[in-house]
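Written below as structure tokens is the structure these notes are about.
In our numbering, the protein residues as written are 4 to 722.
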């Protein structure tokens, strides 16, 4: 009896040590941070929400303070505690993370160079030197081989924990360079000017800008946008004359409607400088002759709610992409002397089944970018009427024109990528149709071949019967069954399509047996403008249920199971993650929410927060009770409940200007307070960066390695 007892005990210990992955747990020495609770009543429309973590919000001034007040100290202590807990929770994976990081960056060519772009007598390119984390921006005179380094990124970035180089523009006479620098990661740039003949910086510095400067043709006047110091909305266009102080700059345009932002750019013809005011449902353009920077600005078409248009110039006409009586957009032209909409004449008519995404104008050709059945298409049309489409063979891919600065050429440059094909830059002679591959992203791995991977295009069925496209990629030979790990990604907002493109980073997942899938859900624009409008405002929940339906479809079709399925999304895609966690937590083994927009109601009620007023047409204005009630019904932070949640990794940046750090921080604290499971909940708050993460070429992959290690650990994959 005694021996039998020992035998049963041994068997029990053996079985306990062989837990299935859903029972996997890691002994964490540190205790999970417990954020203090200070209830804050938030009342509107007769409804009160209690926010226990409202205190986590800091202003920019508090964040910069060298002598933090008590509130600042409390917030920093909490964020640092979360980072310490993360480090302890993932400590057993540190060596694996390092290996993953080295593996990922090891595939990247260290001394890489971009494909040169010719402009105004020079060939421009960027290149990296071995071991360099920042690019050198260079040029050569066409048909000469003497390199001129315009900006030496590695030298400039020394001593900075974050260093972002913004817009770069050369004066028409090729002698001066304007460029923007952000050393905080709040996307507030200072513009500097460099004399390219002497290599010296000029004394002019333009602060609090969006990072780019547009040159008039006199080589001494530039136009730029400034930001509201609180909301960071680009609301003013200024004119600056070199050699003068910024305080003397002339305000040429101010966008007083706080639901709009503004910008300034130069037409491809370089004949006109244009300002644009824009928000989700309306645009307005004005222009001056680039030869006369002191001239009067002329509005092309006054703004109207619901009217979107985008302008370029060719010959005697403006060419305009617009949704005027065209849900999926069309191309029109109008004489420069008669620019309002009653003068617009169709060039490419509207089609219900085809989204007209963009155009490039050449002397002899018009190049049209379309989206048909969810995939991009490039259509080349001679001005005399002959036309054809470029042909692509992958089941899912992205193809788009790029860097076509010259009117007077028959050569089109375009970029192509698929889930199995690295990003490739081609040139095609539009007359002869002869193509040349200029460059394909090099994957530094002797075992890599696109033929080792399989791509598929499937369709899941949504709750309302809508067919949702799904793009997948996996390594040949893996078994697709309930034990196969799968990562499902999407974004689903702003009409931004989730493109099925190649990633050498992703090979670390695929080579370890993961399937990678993209859900092309409503809220994006893959299937046209209707697709976007069915996933915004009072139809926003379609975005979330579509994603869930895709996950359920992949389980039903035998690609994976809920015990091995993971979800990933960032920013507005982080909102998606938060929503599906509340709506269907049992469907996922793990979820990664990157810089997640999760406190929807509170953020959209606070017009001092960057982007809020600009986004009322995306989410709605909660000062309207109908939108308030609808937002509250899905806002991730407001719908956290006392129930089981899967394993969760949250990432954020302290200086994030788009989704403030306190949203993911508050959400993490509330999840930890209420969740009833023992699954892992960790948050990584990078104290030096903002929305886009680290600025260096390689540093950002440390967070990728953390993300992968989080999922691999849950799958008991250790190498």
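The beta-carbon is built from N, C-alpha and C at its ideal position, and this holds for glycine as well.
Chain-order list of residues whose beta-carbon lies under 6 Å from that of residue 713 (same chain, five-residue window excluded): Walking along the chain shown from the start, residue 713 turns up at place 710. Excluding residues within five positions, the ones whose Cβ falls inside 6 Å are 652.
Per DSSP, the bridge partner or partners of residue 46: In the chain shown, the residue the question calls residue 46 occupies position 43. Beta-bridge pairing links residue 46 to 51.
Reduced DSSP secondary structure (H/G/I, E/B, other) of residue 218: Mapped onto the chain shown, residue 218 falls at position 215. Residue state, collapsed to three classes: strand.
Backbone CA spacing between residue 381 and residue 267 [nearest angstrom]: The residue you call residue 381 lines up with position 378 of the chain shown. The residue you call residue 267 lines up with position 264 of the chain shown. Distance between the alpha carbons of residue 381 and residue 267: 27 Å.
Exposed unless 16 or more other CB atoms sit within 10 angstroms - verdict on residue 462: In the chain shown, residue 462 corresponds to position 459, counting from 1. Residue 462 is exposed by the Cβ-count criterion.
Own chain partners of residue 294 with C-beta closer than 6 Å, once the 5 adjacent residues on each side are dropped: Position 291 of the chain shown, counted from the start, is the residue given in the question as residue 294. Counting only Cβ-Cβ distances below 6 Å, and skipping sequence neighbours, we find 220.
Through-space distance from residue 520 to residue 28, alpha-carbon basis: Numbered from its first residue, the chain shown carries residue 28 at position 25. Numbered from its first residue, the chain shown carries residue 520 at position 517. With a pLDDT of only 47 at residue 28, under 50, the local geometry of the prediction cannot be trusted, and the value read off the model is given with reservation. Taking C-alpha positions only, residue 28 is separated from residue 520 by approximately 27 Å.
Pick from 108, 441 and 424 that is closest to residue 405, judged by C-alpha positions: Taking the chain shown and counting its residues from 1, the one referred to as residue 405 is at position 402. Residue 405 has its Cα closest to that of 441, out of 108, 441 and 424.
Residue 233 to residue 146 span [Cα, whole Å]: The count along the chain shown starts at 1 and reaches residue 233 at position 230. The count along the chain shown starts at 1 and reaches residue 146 at position 143. Straight-line Cα distance between these residues: approximately 48 Å.
Counted within 10 angstroms of its Cβ, other Cβ atoms place residue 716 as buried (16 or more) or exposed: For this step, residue 716 is matched to residue 713 along the chain shown. With 16 or more Cβ atoms within 10 Å of its Cβ, residue 716 is classed as buried.
Three-state class that DSSP yields for residue 523 in the structure shown: Counting from one through the chain shown, the residue named residue 523 turns up at place 520. In the displayed model, residue 523 falls within coil according to three-state DSSP, outside both helix and strand.
Rounded separation between residue 195 and residue 258 - CA only: Your numbering for residue 195 matches position 192 in the chain shown. Your numbering for residue 258 matches position 255 in the chain shown. Approximately 25 Å between the Cα atoms of the pair.
Nearest candidate by alpha-carbon position, reference residue 133, set 140, 114, 127 and 518: Looking up residue 133 in the chain shown gives position 130. Residue 133 has its Cα closest to that of 114, out of 140, 114, 127 and 518.
Residue(s) in a DSSP beta bridge with residue 471: Here residue 471 refers to the residue found at position 468 when the chain shown is read from its first residue. In DSSP, residue 471 forms a bridge with 463.
Exposed unless 16 or more other CB atoms sit within 10 angstroms - verdict on residue 386: Taking the first residue of the chain shown as position 1, residue 386 is located at position 383. In the assembly as shown, residue 386 is an exposed residue. Its beta-carbon has fewer than 16 other beta-carbons within 10 Å.
Within the region 296-375, ranges of the beta strand (DSSP E) (whole runs, at least 3 residues): Taken in chain order, the whole beta strand (DSSP E) runs of length 3 or more contained in the region 296-375 are 312-317, 320-325, 333-338, 348-351, 357-364 and 368-375.
Residues that DSSP places opposite residue 438 in a beta bridge: As a position in the chain shown, residue 438 is number 435, starting the count at 1. In DSSP, residue 438 forms a bridge with 431.
Sequence-distant residues of the same chain with beta carbon closer than 7 Å to residue 493, five excluded per side: Residue 493 sits at position 490 when you count from the first residue of the chain shown. Taken in chain order, the residues that qualify are 501, 521, 522, 524, 550, 572, 576 and 579.
Residue 142 (DSSP reduced to helix, strand or coil): Position 139 of the chain shown, counted from the first residue, corresponds to residue 142. Three-state DSSP puts residue 142 in a strand.
Residue 658 vs residue 78 beta-carbon contact at 7 Å: Locating residue 658 in the chain shown gives position 655, where the first residue counts as 1. Locating residue 78 in the chain shown gives position 75, where the first residue counts as 1. At the C-beta level, residue 658 and residue 78 stay beyond 7 Å of one another.
Straight-line gap, residue 247 to residue 123 (C-alpha atoms, nearest Å): Against the chain shown, residue 247 aligns to sequence position 244. Against the chain shown, residue 123 aligns to sequence position 120. Rounded to whole angstroms, residue 247 to residue 123 spans 27 Å at the Cα level.
Residue 574 and residue 598 closer than 7 Å at C-beta: By 1-based counting over the chain shown, the position of residue 574 is 571. By 1-based counting over the chain shown, the position of residue 598 is 595. Going by C-beta atoms, residue 574 is nearer than 7 Å to residue 598.
Whole-angstrom C-beta distance between residue 553 and residue 476, which should lie under 8 Å: On the chain shown, residue 476 is found 473 positions in, with the first residue counted as 1. On the chain shown, residue 553 is found 550 positions in, with the first residue counted as 1. Contact flag wrong, Cβ pair sits at about 15 Å.
Residue 170 and residue 135 closer than 7 Å at C-beta: Within the chain shown, residue 170 is the residue found at index 167, counting from 1. Within the chain shown, residue 135 is the residue found at index 132, counting from 1. When the beta-carbon positions are compared, residue 170 and residue 135 stay at least 7 Å from each other.
Close-in-space but distant-in-sequence residues of the same chain around residue 378 (CB under 6 Å, 5 per side omitted): Along the chain shown, read from residue 1 onward, the residue named residue 378 stands at position 375. Same-chain partners within the cutoff: there are none.
Sequence-distant residues of its chain with Cβ nearer than 7 Å to residue 144 (five each side left out): As a working note, residue 144 is residue 141 in the chain shown. Answer for residue 144: 124 and 125, listed in chain order.
Sequence-distant residues of the same chain with beta carbon closer than 7 Å to residue 131, five excluded per side: Along the chain shown, read from residue 1 onward, the residue named residue 131 stands at position 128. The answer, listed in chain order, is 113, 114, 115, 138 and 700.
Nearest neighbour of residue 721, chosen from 601, 656, 516 and 585 [CA to CA]: In the chain shown, residue 721 corresponds to position 718, counting from 1. The residue with the shortest Cα to Cα distance from residue 721 is 516.
Spatial neighbours of residue 9 in its chain, beta-carbon cut-off 6 Å, leaving aside the 5 residues before and after: Taking the first residue of the chain shown as 1, we reach residue 9 at position 6. Residue confidence for residue 9 is low, a pLDDT of 30 falling below 50, so the modelled location carries little weight; the figure read from the coordinates is stated next. If we look at residue 9 and ignore the five residues flanking it on each side, it has no Cβ neighbours.
Selection from 103, 415, 37 and 162 that minimises the alpha carbon distance to residue 791: Since the first residue shown for the chain is 4 and the last is 722, residue 791 is missing from the structure and cannot be characterised.
Inter-residue CB distance, residue 3 and residue 635 (contact presumed, cutoff 8 Å): Any answer about residue 3 is impossible in this case: the structure gives the chain only from 4 up to 722.
Range covered by the beta strand (DSSP E) that runs through residue 481: For this step, residue 481 is matched to residue 478 along the chain shown. It is not in any beta strand (DSSP E) - residue 481 carries neither H nor E in the DSSP assignment.
Coarse secondary structure for residue 162, derived from DSSP in three states: For the purposes of this step, residue 162 is identified with residue 159 of the chain shown, where counting begins at 1. In the structure shown, residue 162 sits in coil (DSSP, three-state: anything other than H, G, I, E or B).
Stretch-stretch touch, CB-based, cutoff 8 Å, three pairs: the region 31-47 with the region 88-96: yes
Start and end residues, beta strand (DSSP E) containing residue 689: Counted from its first residue, the chain shown places residue 689 at position 686. Unbroken beta strand (DSSP E) run through residue 689: 684-689.
Distance, residue 65 Cα to residue 167 Cα: Here residue 167 corresponds to residue number 164 of the chain shown, with the count starting at 1. Here residue 65 corresponds to residue number 62 of the chain shown, with the count starting at 1. When rounded, the distance between both Cα atoms is 23 Å.
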